[in-house]
Every structure is written in C-alpha cells, then in structure tokens.
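For reference, the structure is listed below as structure tokens.
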Amino acid sequence: MSARLLVILFFLFVLYLVVKTVIGFVYLSSQRRKRRERLGGEMVKDPICETYIPKAAAIAKYSGGQTVYFCSQECADVYLKKNG
Ligand SMILES: [Zn+2]
Numbered sequence: 030m031s032a033r034l035l036v037i038l039f040f041l042f043v044l045y046l047v048v049k050t051v052i053g054f055v056y057l058s059s060q061r062r063k064r065r066e067r068l069g070g071e072m073v074k075d076p077i078c079e080t081y082i083p084k085a086a087a088i089a090k091y092s093g094g095q096t097v098y099f100c101s102q103e104c105a106d107v108y109l110k111k112n113g
C-alpha cells in the first residue's frame, strides 16, 4: 500500500465521521422539534397561579361557557370555588 493511498483512506474515514455526526445531529434535532410540537404545541394560562402550561398537560374545566385550563387540581378547585 502506498502512503498516498493511506492518506486518501484517512481522509475518507474523516469524511465518513463528519457525515455521520452531521446526520445524527440533524436527526436528533428534528426528533426534538417533533416532540416539542406534540407536547407544547399550544400553551395555556392557569388563571389562578398565572403559570403557562402545555395544553396537553393541563387540567381542563368547563366553566362559565368556556374551557379553562389549570396546572393542577388544586388550582382548578380554587377557581371552581370562586366561580361557582
Ligand atoms: Zn396553577
């Protein structure tokens, strides 16, 4: 094997590592974006403690002709007590 061939092989190997890393990074960031969209596509505000929570994780209560979202059952109870 000539030294030149070894150099070429070495560069191909480095190129392979770079491509692999870039593809892995792009794949991971797209997975992360998908997960974020699914979990926190829409943020809702808890009227009691004024915290923003992802709609999917919030506790929804129908009150006064509208759906109100809460971070926890405690906040929902407080709201329902106040608003009948
Ligand atoms: Zn709350």
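FYI, the numbering used here numbers position 30 of the sequence shown as 59, with every residue one higher than the one before it.
Think of the CB as a built atom: it goes at the ideal place given N, C-alpha and C, for glycine as much as any other residue.
Cα-Cα separation between residue i and residue j, rounded to whole angstroms
{"i": "residue 84", "j": "residue 99", "result": "9 Å"}
{"i": "residue 79", "j": "residue 73", "result": "10 Å"}
{"i": "residue 110", "j": "residue 71", "result": "26 Å"}
{"i": "residue 10", "j": "residue 38", "result": "Shown here, the chain extends from 30 to 113; a query on residue 10 therefore has no answer."}
{"i": "residue 49", "j": "residue 31", "result": "27 Å"}
{"i": "residue 57", "j": "residue 43", "result": "21 Å"}
{"i": "residue 88", "j": "residue 102", "result": "7 Å"}
Per-residue DSSP class, three states only, for residue i
{"i": "residue 37", "result": "helix"}
{"i": "residue 77", "result": "coil"}
{"i": "residue 89", "result": "strand"}
Per-residue burial, residue i [other beta carbons within 10 Å of its own, 16 or more giving buried]
{"i": "residue 52", "result": "exposed"}
{"i": "residue 105", "result": "buried"}
Cβ-Cβ distance between residue i and residue j below 8 Å
{"i": "residue 76", "j": "residue 108", "result": "yes"}
{"i": "residue 93", "j": "residue 112", "result": "yes"}
Residue i: CB within 7 Å of a non-hydrogen atom of ligand 3
{"i": "residue 75", "result": "Ligand 3 is absent from the structure shown, which contains only ligand 1."}
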